[in-house]
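To keep things clear, I will list the structure first and then write my remarks on it.
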Amino acid sequence: MSTQISPRTIIEALLPFEGAASLGIIYDTANRLQVEDQPVRLALRRLISAGDITQYGRGRNGSIELTDAGRARLERERIGLRLAFAQDAGQAPWDGNWHLLALSAPESERAVRDTFRREMHMLGAVSISTGLYLTPHALAALLAPELDSYLVVASVTTLSVRGITENAAIAEAQWPARDSIALYETMEPILGADDRDRDPVARQLILAESLDAALREDPLIPLELRPTPWPPTQVRRRWMTQWHEATVAAPELHAYQGWLDLAE
654 MSTQISPRTI IEALLPFEGA ASLGIIYDTA NRLQVEDQPV RLALRRLISA
704 GDITQYGRGR NGSIELTDAG RARLERERIG LRLAFAQDAG QAPWDGNWHL
754 LALSAPESER AVRDTFRREM HMLGAVSIST GLYLTPHALA ALLAPELDSY
804 LVVASVTTLS VRGITENAAI AEAQWPARDS IALYETMEPI LGADDRDRDP
854 VARQLILAES LDAALREDPL IPLELRPTPW PPTQVRRRWM TQWHEATVAA
904 PELHAYQGWL DLAE
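Heads up: the sequence shown begins at 654 in this note's numbering, then just goes up one per residue.
What follows is the structure in structure tokens.
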């Protein structure tokens, strides 16, 4: 099992959705996990350059806070996280609607078109024709506000994609099950490791990093369109059990406050 925890993971674990985080606590936690100050400083600069955080003060006496853009990014990640566990619990049934999205923007609006394509990819939609994207989720409200005046959106309950009309077959053709299953197979060495002697803070962050990596590429297709039993659901349930064990063992970390309280 990998013992390397990225500085960004440490920063985001200790960064609340509202309010500031102490850089002293972030640096001390990083040092506890054998991460030096310089990589943390570099990760902070990258987050600042990306527009995700603002820093106040310097060194261990400083603090950081999410910007509106950073908060919006994490809010989208939060929605995906909660959707995954809601699906696993049977609390997010599919309504049977397919959603089609396109952009009505001239070639001169290249930045708008690039933003649309990037966000469609990030949200798990697939291109089924030039400029036309398909998803089983209502994604329009999650897109960047600057796209609103260019969007063309429709929802349908019957669909034919290159001659395929059965819903589960459409899902398999566009989002192959094996691809999503493979994302969670990478978590097996972490969930199966005997790490009773590991620092429980490190355990929390390793678990969080592994789930984040899987969810980032998972389109979270409704379970009604997937084989039963669905292996990612089984992995996420194992993950949740181990996450609770790790948080009980290290209550002082206060990691991911409000983000992973998903089994209550």
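Ideal Cβ positions, reconstructed from N, Cα and C, are used throughout, including at glycine.
None of the values given here were measured: they were computed from a predicted structure.
**Asked** At what residues does the alpha helix (DSSP H) containing Leu719 begin and finish?
**Response** Position 66 of the sequence shown, counted from the first residue, corresponds to residue 719. First-last for Leu719: 716-719, but that is the beta strand (DSSP E), not the alpha helix (DSSP H).
**Message:** Considering just the uninterrupted stretch of the alpha helix (DSSP H) at Ser863, what are its terminal residues?
**Reply:** Within the sequence shown, residue 863 is the residue found at index 210, counting from 1. Counting along the chain, the alpha helix (DSSP H) containing Ser863 begins and ends at 853-870.
**Prompt:** alpha helix (DSSP H) containing His897: first to last residue?
**Reply:** To locate residue 897, count along the sequence shown from 1; it is residue 244. Start and end: 884-902.
**Request:** Using beta-carbon positions only, say whether Ala674 and Ile701 come within less than 9 angstroms of one another.
**Result:** Start at 1 with the first residue of the sequence shown, and residue 674 comes out as number 21. Start at 1 with the first residue of the sequence shown, and residue 701 comes out as number 48. Contact flag unset, no.
**Message:** Short of 6 angstroms in beta carbon distance, which residues of its chain neighbour Phe769, apart from the five on each side in sequence? Order them along the chain.
**Reply:** What you label residue 769 is simply residue 116 of the sequence shown in a count that begins at 1. Leu756, Leu800.
**Prompt:** At what residues does the beta strand (DSSP E) containing His790 begin and finish?
**Reply:** Counted from its first residue, the sequence shown places residue 790 at position 137. His790 -> no beta strand (DSSP E), and no H or E assigned at all.
**Asked** Which of helix, strand or coil does DSSP assign to Ala835?
**Response** Taking the sequence shown and counting its residues from 1, the one referred to as residue 835 is at position 182. Correct three-state label for Ala835: helix.
**Prompt:** With 16 as the cutoff for other CB atoms within 10 Å, does Ala797 come out buried or exposed?
**Reply:** Counting from 1 along the sequence shown, the entry for residue 797 is found at position 144. With fewer than 16 other Cβ atoms within 10 Å, it is exposed.
**Prompt:** How big is the Cα-Cα spacing for Met773 and Asp850?
**Reply:** Here residue 773 is taken as the residue at index 120 of the sequence shown, counted from 1. Here residue 850 is taken as the residue at index 197 of the sequence shown, counted from 1. If I take the Cα positions, the gap works out to 42 angstroms.
**Message:** Using only the alpha-carbon positions, how far apart do Pro789 and Gly777 sit?
**Reply:** Locating residue 789 in the sequence shown gives position 136, where the first residue counts as 1. Locating residue 777 in the sequence shown gives position 124, where the first residue counts as 1. Their backbone Cα atoms lie some 10 angstroms apart in a straight line.
**Request:** Below 6 angstroms CB to CB, which residues in the same chain sit around Val779 once its five sequence neighbours on both sides are set aside?
**Result:** The count along the sequence shown starts at 1 and reaches residue 779 at position 126. Shown here for Val779: same chain residues with a beta carbon closer than 6 angstroms to its own, the five before and five after excluded, namely Leu787, Gln827 in chain order.
**Prompt:** DSSP state of Tyr909, grouped into three classes?
**Reply:** The residue given as residue 909 occupies position 256 in the sequence shown. Reduced to three states, the DSSP call for Tyr909 is coil.
**Request:** Have a look at Glu838 and Leu753 and give me their C-alpha separation to the nearest angstrom.
**Result:** Taking the first residue of the sequence shown as position 1, residue 838 is located at position 185. Taking the first residue of the sequence shown as position 1, residue 753 is located at position 100. Each residue's alpha carbon lies about 31 angstroms from the other.
**Request:** Using the Cα positions of Gly704 and Gly710, report the straight-line distance between them to the nearest angstrom.
**Result:** One-based indexing of the sequence shown puts residue 704 at position 51. One-based indexing of the sequence shown puts residue 710 at position 57. Straight-line Cα distance between these residues: approximately 17 angstroms.
**Asked** Where does Ala703 fall in DSSP's three states?
**Response** Looking up residue 703 in the sequence shown gives position 50. It is coil, neither helix nor strand.
**Prompt:** With a cut-off of 8 angstroms, do at least 3 Cβ pairs link the region 850-865 to the region 804-817?
**Reply:** no
**Request:** Look up Ile823 in the DSSP assignment and give the residues it is bridged to.
**Result:** As a first step, residue 823 is located in the sequence shown; it is residue number 170 there, counting from the start. Its beta-bridge partners do not exist; DSSP assigns none.
**Message:** Three or more C-beta pairs under 8 angstroms: does that hold for the region 679-692 against the region 721-730?
**Reply:** In short, these stretches do not touch, since the Cβ pair count stays below three.
**Message:** Please tell me whether Leu785 and Glu825 are closer than 9 angstroms, where the distance is taken between their beta carbons.
**Reply:** In the sequence shown, counting from the first residue as 1, residue 785 sits at position 132. In the sequence shown, counting from the first residue as 1, residue 825 sits at position 172. Cβ atoms of Leu785 and Glu825: not closer than 9 angstroms.
**Prompt:** Which two residues bound the contiguous alpha helix (DSSP H) that contains Val765?
**Reply:** Taking the sequence shown and counting its residues from 1, one reaches residue 765 at position 112. From DSSP, the alpha helix (DSSP H) with Val765 extends over 763-775.
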